[in-house]
Amino acid sequence: MGWTNILFWIAIVMLVDAAIGLWGANVWQKLAPRFPIQRIALIEAAAALLLLTMYFVLKH
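Residues in the sequence shown are numbered consecutively from 1, following this note's numbering.
In structure tokens, the structure reads:
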């Protein structure tokens, strides 16, 4: 398993984590009212999409 494959799987895990964060954003926001949960999840999703883009550019 090369480093590009690791890049791919890190991106997938980050996308799943961001989806869970966005799916339960209201619940998470009640538990941690000081943190912008939705913004954090969107930034994480954007970073994951950037990693996936890097993976496909480097792989092909």
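Note that the Cβ used here is the ideal one computed from N, Cα and C, for glycine as well.
(request) Within the same chain, show all residues whose beta-carbon is closer than 7 Å to that of Ala47, passing over the 5 residues directly before and after it, in chain order. (result) Met14
(request) Quick one: using the 10 Å Cβ neighbour count with 16 as the cut-off for buried, is Ala32 buried or exposed? (result) exposed
(request) Would you mind stating whether Leu51 and Ile20 have Cβ atoms separated by less than 8 Å? (result) no
(request) State the Cα-Cα distance for the pair Trp23 and Phe35, rounded to the nearest angstrom. (result) 16 Å
(message) Judging by CA-CA distance, which residue of Phe8, Met1, Gly2 and Trp3 is the nearest neighbour of Leu49?
(response) Phe8
(request) Quick one: residues in its chain with C-beta nearer than 8 Å to the C-beta of Ile40, no 5 flanking neighbours on either side, listed in chain order? (result) Within the same chain, Ile40 has close Cβ partners Gly21.
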